[in-house]
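Participant: Here the protein sequences come in this chain order: A and B. Convert by adding 597 to the 1-based position in the first sequence; the result is the number in my numbering. Convert by adding 87 to the 1-based position in the second sequence; the result is the number in my numbering.
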Amino acid sequence: MERIIKNGIVYCPLNGIDGEKMDICIKDGKIVESVSDNAEVIDASGKIVMPGGVEVHSHIAGAKVNVGRMMRPEDSKKDAEATNEDINRRAGSGFSVPSTFMTGYRYAQMGYSTAMEAAMPPLLARHTHEELEATPILDHAAFPLFGNNWFVMDYLGKGDIDSCMAYASWLLKSTKGYAIKIVNPCGTEAWGWGGNVRGLHDTAPHFSVTPAEVIKGLAEVNEKLKLPHSIHLHCNDLGHPGNYETTLESFDLPKGIKVDPVTGSRDTVLHATHVQYHSYGGTSWRDFESAADIVADYVNKSNHMTIDVGQVTLDETTTMTADGPMEFDLHTLNGLKWANCDVEMETGSGVVPFIYSAKAPVPAVQWAIGMELFLLVKDADKVCLTTDTPNAGPFTRYPRVMAWLMSNQYRTDLLENELHKWAQKRSSIATIDREYSLYEIAQITRSTPAKVLGLSDTKGHLGVGADADISIYDMNPETMDLAADYKMVENKFQKASYLLKDGEFAVKDGEVINTDLKGKTFWADTQIESDLYKNVLADIEKQFVKYYSINFQNYAVEDSYISKSAPIKGVSL
Amino acid sequence: MSEIKLTLKKQSPVPIETPNIKPDVFAGKTIDEIKELEIMLGNNKVKLSDFFDVEGEPAETPEEIKIVIEGDSSNIKRIGQGMKAGEILVKGDVNMYVGLEMEGGKLTVEGNTSTWAGQDMKGGELEILGNTGDYLGSSYRGDWRGMSGGIITVHGNVGYEMAEYMGGGKILVKGNADQMPGIHMSSGLVIIEGNVPSRTGGEMTGGTIVVQGVVDSFLPGFEFLGVEKNIEIEGTEFLGAFYKFKGDYAMKGANGTVYVAVAGNKHIVP
Ligand SMILES: [Zn+2]
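Right, dumping it as structure tokens:
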């Protein structure tokens, strides 16, 4: 099948294309140099054309997401869709934690074609993949949690990086996982004993390892395995006033480690996630203030890392993370219902509903901190758009975040009319008048996430050889004042004119028209053939008998759980 | 007042859902247009006239309209959902969710109702002459923000967990209430003239519950404050002597009040 998208205004940062009028040719699901005269023509005159959106950090599948769905029937009342038998569309519901089908539809409607599930408990990998399989359209991957894993803490406590590397290789393959995710290292394990760690130098109970050693050790493991993505870090002390010092110290840890992935073009050793939650000044909620300027300054001066923001969207949402103790703190703060879970030798999690009210002081400052990070980090190659969905707000608010970034007027209207005055007093947001260009929007939603994930060979750009994941939006920067007409911008990004997935129409005029499209599952395939690997496997089997509730043989996710497997090569030793 | 009569002409194998049966929707429509209104039969949309004969005088505003439902309506859900004005009179029984999200007007059911009557009610008046099921005047399942206003009167008995998460308004039960009336309530007034087996006001943080009948047992999370005679709450006088409790101390900031008639309840005080 050949198609040609004609006369669109194209934004493709990885190829340096900034609003040029050009045609994009598609053949057999890929972008090609040219097509024959028989190609189907898609007229994109006066419309903008971008690569399909790439989500670097979301919570859309797996056990804790499902706990969120189950414990919040009232969330389902706020967004629901009926079946449509003509296009095989499934019914679904959920505003902050939509059902799997709705998740696929809603991302696609916004022009997104790839999404990462950022926290997969290894033991519950099968469930995570089952849900991802039931999430239509999106290419996807899941990041297994490593930061509180007993094997990891044991090996790194002994300084045995190589065994840890062999274990990580095995775990990624066993869970069909993609990247090394670290959440509050040592803290979630401590929560199993009713505690937490503060800063980077407390040890996990019954282990002789600190958060700093876990972060640095796993970063070394990551680069020894030459994985596509860097370590993906949720820093310690999330959400605590004054935590920016821990954040900066964490950023420093992996600095200097050599980067040489087998696939992709990543040149950074650290991706720090939802940094909004980690850029807090003050000493308590009373003198709470933004430290985003200090954190942004660090990022501006560094070349070894990228961040995503975790922008607060001022909605009622559902928080969920493997940071169990943080969720308990949140529950004691807002008094709402909560769930908490311990996952054997691996991790834990918690879920609490949360209302980010614009009129309340703290959420107003949190909103401002997120915006400051976007606007004070100068290079959009270092920052990705996220809301840590659903933690700081649902992903369906991305279009609003884009409109905020593109319009100082929008932000000013919000600051002056809706937000608590702390937003202006406790941050510098009111003094920043930078506005994102469409090129920069394409960076933070396409090229930067694709590159940092190690997927930029085929994702996040429109060059020859890329997957034909293409979104088209009905707005024309040449004839419209996008900063002034910010509501229009928001609406257009919410409902793409088209999304093509692997060259097929997924969305037309803002509605999903093909629900049968199925995404690929990316996972990290590393090979280590050595005595080291055999020894580590023997160690794992021994520990399974001793501690795990299931047999070693029943642990790995079978290939049959992944219908479109897309292994990404790492090291072969 | 103009009366529009809906007479049920057949029964459905599954419940039919009729949030469109309310004066707000009927206002400004002709009888023929009302006949065309959508109702849900399972996941299919059907016409009001598929199940009802419609007759009467239409009117321009909801305030002028009284809807009367005749026939066996025991399989109809969501009558009067979100109604803001006018009147509805149901001559028989109804299924779940009658008067949910009501904001104004008056809705009367002469028979019994199933569960979730008056859920999330914000205003207006709901009167049930028979019995009602569980979750009378409650919140939506899972939500911690429930009924916030209006008045519900039940002449018969009610089921479990009435006034769950109630945050305002008033509920009067002339019969008995089953377990956990006023669970999680934070404000408003619940009056039960009959008996309650147990767990009155469990996890309540505010508001007032008056039980005039007998309670079999009472929760330990309440502080006994003594006996008060001929109490008055929100303009209503309750004659006789009442034990007064404060709680439920299982919750942070517990500030709910429960009055239980002294007569027949000596077993619950220290
Ligand atoms: Zn997250």
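From the three backbone atoms N, C-alpha and C, an ideal C-beta is built for every residue, glycine too. Just so it is clear, the structure is predicted and the values come from calculations on it, not from any experiment.
Going by Cα to Cα distance, which pick from B:Y252, B:S273, B:G243 and B:K164 is closest to L259 (chain B)?
Facilitator: To locate residue 259 (chain B), count along the second sequence from 1; it is residue 172. Comparing Cα positions, the closest option is B:G243.
Participant: Which residues of the stretch 798-812 of chain A have a Cβ closer than 8 Å to any Cβ of chain B? Give them in chain order.
Facilitator: Cβ contacts with chain B come from no residue of the stretch 798-812 of chain A.
Participant: Would you mind reading off the limits of the alpha helix (DSSP H) that contains V664 (chain A)?
Facilitator: Numbered from its first residue, the first sequence carries residue 664 (chain A) at position 67. It spans A660 to M668 - the alpha helix (DSSP H) in which V664 (chain A) sits, taken as one unbroken run.
Participant: Residues in the stretch 928-943 of chain A with C-beta within 8 Å of chain B's C-beta atoms, listed in sequence order?
Facilitator: Going along the stretch 928-943 of chain A in chain order, one finds G932, L933 and K934 with a Cβ nearer than 8 Å to chain B.
Participant: Which one of A:M619, A:R669, A:R1008 and A:N1132 has the shortest CA to CA distance from K1084 (chain A)?
Facilitator: Position 487 of the first sequence, counting from 1, holds the residue named residue 1084 (chain A). Nearest option by C-alpha distance: A:R1008.
Participant: Indicate the three-state DSSP secondary structure (helix, strand or coil) for K1092 (chain A) in the structure shown.
Facilitator: For the purposes of this step, residue 1092 (chain A) is taken as the residue at position 495 of the first sequence. The answer is coil: DSSP assigns K1092 (chain A) none of H, G, I, E or B.
Participant: Determine, using beta carbons only, whether L295 (chain B) and T344 (chain B) come nearer to each other than 8 Å.
Facilitator: In the second sequence, residue 295 (chain B) corresponds to position 208, counting from 1. In the second sequence, residue 344 (chain B) corresponds to position 257, counting from 1. It is worth fixing the name first, because residue 295 (chain B) is Thr in this sequence and not Leu. Going by C-beta atoms, T295 (chain B) is nearer than 8 Å to T344 (chain B).
Participant: Are the stretch 1055-1071 of chain A and the stretch 1084-1093 of chain A in contact at 8 Å, needing three or more beta carbon pairs?
Facilitator: The answer is yes - the stretch 1084-1093 of chain A touches the stretch 1055-1071 of chain A, with three or more Cβ pairs under 8 Å.
Participant: Quick one: which chain E residues come within Cβ less than 9 Å of E671 (chain A)?
Facilitator: You won't find chain E in this structure, because its protein chains are A and B.
Participant: Just jot down, in chain order, the residues whose CB lies closer than 7 Å to any heavy atom of ligand 1.
Facilitator: Qualifying residues come out as A:H654, A:H656, A:A715, A:A716, A:H831, A:T870, A:H871, A:T918, A:D985 and A:N988.
Participant: According to DSSP, which residues form a beta bridge with R600 (chain A)?
Facilitator: Counted from its first residue, the first sequence places residue 600 (chain A) at position 3. Paired residues: A:I623 and A:E637.
Participant: Figure out for me which residue from A:E1037, A:Y1145 and A:A1080 has the closest Cα to the Cα of G613 (chain A).
Facilitator: Within the first sequence, residue 613 (chain A) is the residue found at index 16, counting from 1. Per the Cα distances, A:E1037.
Participant: According to DSSP, Y953 (chain A) sits in a beta bridge with which residue or residues?
Facilitator: Counting from one through the first sequence, the residue named residue 953 (chain A) turns up at place 356. According to DSSP, Y953 (chain A) bridges with nothing at all.
Participant: Give the straight-line distance between the Cα atoms of N840 (chain A) and K898 (chain A), rounded to the nearest whole angstrom.
Facilitator: Locating residue 840 (chain A) in the first sequence gives position 243, where the first residue counts as 1. Locating residue 898 (chain A) in the first sequence gives position 301, where the first residue counts as 1. Rounded to whole angstroms, N840 (chain A) to K898 (chain A) spans 20 Å at the Cα level.
Participant: Compare the Cα-Cα distances from G1057 (chain A) to each of A:G605, A:E630 and A:G649 and report the closest residue.
Facilitator: Reading the first sequence from its first residue, position 460 is the one you call residue 1057 (chain A). Closest option to G1057 (chain A), Cα to Cα, is A:G649.
Participant: State yes or no: is the C-beta of L735 (chain A) within less than 8 Å of the C-beta of G708 (chain A)?
Facilitator: For the purposes of this step, residue 735 (chain A) is taken as the residue at position 138 of the first sequence. For the purposes of this step, residue 708 (chain A) is taken as the residue at position 111 of the first sequence. No; because the gap between Cβ atoms is not below 8 Å, this pair is not in contact.
Participant: Leaving out five residues before and five after V653 (chain A) in sequence, what residues of the same chain have Cβ atoms less than 7 Å from its Cβ?
Facilitator: On the first sequence, residue 653 (chain A) is found 56 positions in, with the first residue counted as 1. Hits under 7 Å: M713, D905, C981, T983, P1046, V1049 and L1050.
Participant: Could you give the first and the last residue of the continuous beta strand (DSSP E) run that contains E212 (chain B)?
Facilitator: Your numbering for residue 212 (chain B) matches position 125 in the second sequence. Its beta strand (DSSP E) spans residues E212 to I215.
Participant: Work out the CA separation of V959 (chain A) and H1017 (chain A) for me, nearest whole Å.
Facilitator: The residue labelled residue 1017 (chain A) in the question sits at position 420 within the first sequence. The residue labelled residue 959 (chain A) in the question sits at position 362 within the first sequence. Spanning the two alpha carbons is a distance of roughly 9 Å.
Participant: For D545 (chain A), which option in A:D1113, A:K1139 and A:E1075 has the closest C-alpha, if you only look at C-alpha atoms?
Facilitator: Only positions 598 to 1170 of chain A appear in this structure, which leaves residue 545 (chain A) out of reach.
Participant: Please name the residue, chosen from A:S954, A:W935, A:A1163 and A:A957, that lies closest to V948 (chain A) on a Cα-to-Cα basis.
Facilitator: To locate residue 948 (chain A), count along the first sequence from 1; it is residue 351. Out of A:S954, A:W935, A:A1163 and A:A957, A:W935 has the C-alpha closest to the C-alpha of V948 (chain A).
Participant: Using a C-beta to C-beta distance shorter than 7 Å, which residues of chain B count as neighbours of K674 (chain A)?
Facilitator: Sequence index remark: in the first sequence, residue 674 (chain A) carries index 77 (1-based). Those are Y227, listed as they occur along chain B.
Participant: Measuring CA to CA, which of A:I828, A:L972 and A:T914 is closest to M902 (chain A)?
Facilitator: Residue 902 (chain A) sits at position 305 when you count from the first residue of the first sequence. If we check each option's Cα against that of M902 (chain A), A:I828 comes out closest.
Participant: Could you tell me if Y764 (chain A) is buried or exposed, where buried requires 16 or more neighbouring beta carbons within 10 angstroms of its beta carbon?
Facilitator: As a first step, residue 764 (chain A) is located in the first sequence; it is residue number 167 there, counting from the start. It counts as buried.
Participant: Hey, is K134 (chain B)'s beta-carbon within less than 8 Å of any beta-carbon in chain A?
Facilitator: Within the second sequence, the letter at position 47 stands for residue 134 (chain B). No, K134 (chain B) lies away from the interface with chain A (no Cβ there is under 8 Å from its Cβ).
Participant: Which stretch, first to last residue, makes up the alpha helix (DSSP H) that contains W1120 (chain A)?
Facilitator: Counting from 1 along the first sequence, the entry for residue 1120 (chain A) is found at position 523. Note, W1120 (chain A): premise wrong, no alpha helix (DSSP H); beta strand (DSSP E) at T1118 to Q1124.
Participant: Grouping DSSP H, G and I as helix and E and B as strand, with all else coil, what is R686 (chain A)?
Facilitator: Position 89 of the first sequence holds residue 686 (chain A). It is a strand residue.
Participant: Do you know whose CA, among A:F925, A:G1116, A:S1044 and A:V892, lies nearest D615 (chain A)'s CA?
Facilitator: Within the first sequence, numbered from 1, the residue matching residue 615 (chain A) stands at position 18. The candidate whose alpha carbon is nearest that of D615 (chain A) is A:S1044.
Participant: I'd like the span of the beta strand (DSSP E) that includes F740 (chain A), first residue to last.
Facilitator: Against the first sequence, residue 740 (chain A) aligns to sequence position 143. F740 (chain A) -> beta strand (DSSP E) spans D736 to P741.
Participant: Would K339 (chain B) count as contacting chain A if we go by Cβ distances under 8 Å?
Facilitator: In the second sequence, counting from the first residue as 1, residue 339 (chain B) sits at position 252. Output row for K339 (chain B): interface = yes.
Participant: For N317 (chain B), count neighbouring Cβ atoms within 10 angstroms of its own Cβ and tell me buried if that reaches 16, exposed if not.
Facilitator: By one-based count along the second sequence, residue 317 (chain B) stands at place 230. Classification of N317 (chain B): exposed, given that the 10 Å Cβ count is below 16.
Participant: Could you pull out every unbroken beta strand (DSSP E) segment of at least 3 residues lying fully inside the stretch 194-269 of chain B, listed in chain order?
Facilitator: Counting whole runs of 3 or more residues, the stretch 194-269 of chain B contains the beta strand (DSSP E) stretches 212-215, 238-241 and 254-260.
Participant: Name the residue from A:S655, A:K956 and A:E924 whose alpha carbon lies nearest to the alpha carbon of G791 (chain A).
Facilitator: The count along the first sequence starts at 1 and reaches residue 791 (chain A) at position 194. When each option's Cα is compared against that of G791 (chain A), the closest is A:E924.
Participant: Check whether the stretch 192-210 of chain B and the stretch 130-148 of chain B are in contact - that is, three or more C-beta pairs closer than 8 Å.
Facilitator: With a cut-off of 8 Å, the stretch 130-148 of chain B and the stretch 192-210 of chain B do not count as touching, because too few Cβ pairs lie within range.
Participant: Report the rounded CA-to-CA distance for K821 (chain A) versus G853 (chain A), giving the unit in angstroms.
Facilitator: Here residue 821 (chain A) corresponds to residue number 224 of the first sequence, with the count starting at 1. Here residue 853 (chain A) corresponds to residue number 256 of the first sequence, with the count starting at 1. Going by the C-alpha atoms only, they are around 14 Å apart.
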